[in-house]
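If you want this note's numbering, it's the 1-based position in the sequence shown plus 50. Note that the Cβ used here is the ideal one computed from N, Cα and C, for glycine as well. If you're wondering where the values come from, they're calculated on a predicted model, not measured in any experiment. Written below as structure tokens is the structure these notes are about.
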Amino acid sequence: MASTGPDLSTALWRASSYSNSSGGDCVEVRDDLLGVVPVRDSKVPHGPALLIAAPAWAPFVDWAGTA
């Protein structure tokens, strides 16, 4: 199956402020795309990214901040 998502090969990813400072066990996101927020595992930078619809991302982050 061919990929139909955005090209993330040159993406500038950012890690959670709660991430391990040694660079492991991080969730990274890219928030400069219109309509979608890619999320990936920092341990697998060339692996797949989960694409979250932008309208669903903010409520998820709000929820995660209270969990």
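Figure out for me which residue from Glu78, Thr116, Ala99 and Gly115 has the closest Cα to the Cα of Thr54. Start at 1 with the first residue of the sequence shown, and residue 54 comes out as number 4. With distances taken between Cα atoms, Thr54 lies closest to Ala99.
As assigned by DSSP and simplified to three states, the class of Asp91: Your numbering for residue 91 matches position 41 in the sequence shown. Strand at Asp91.
From what residue to what residue does the beta strand (DSSP E) around Ala103 run? In the sequence shown, counting from the first residue as 1, residue 103 sits at position 53. Segment Leu100 to Ala103, the beta strand (DSSP E) holding Ala103.
Does Val111 pass the burial test, meaning 16 or more other C-beta atoms within 10 Å, or should it be called exposed? By 1-based counting over the sequence shown, the position of residue 111 is 61. Burial state of Val111 is exposed, judged by a 10 Å Cβ sphere holding fewer than 16 other Cβ atoms.
Using beta-carbon positions only, say whether Arg90 and Leu62 come within less than 8 Å of one another. One-based indexing of the sequence shown puts residue 90 at position 40. One-based indexing of the sequence shown puts residue 62 at position 12. No, the Cβ-Cβ distance between Arg90 and Leu62 is not below 8 Å.
How is Ala108 classed by DSSP in three states: helix, strand or coil? Mapped onto the sequence shown, residue 108 falls at position 58. It is helical.
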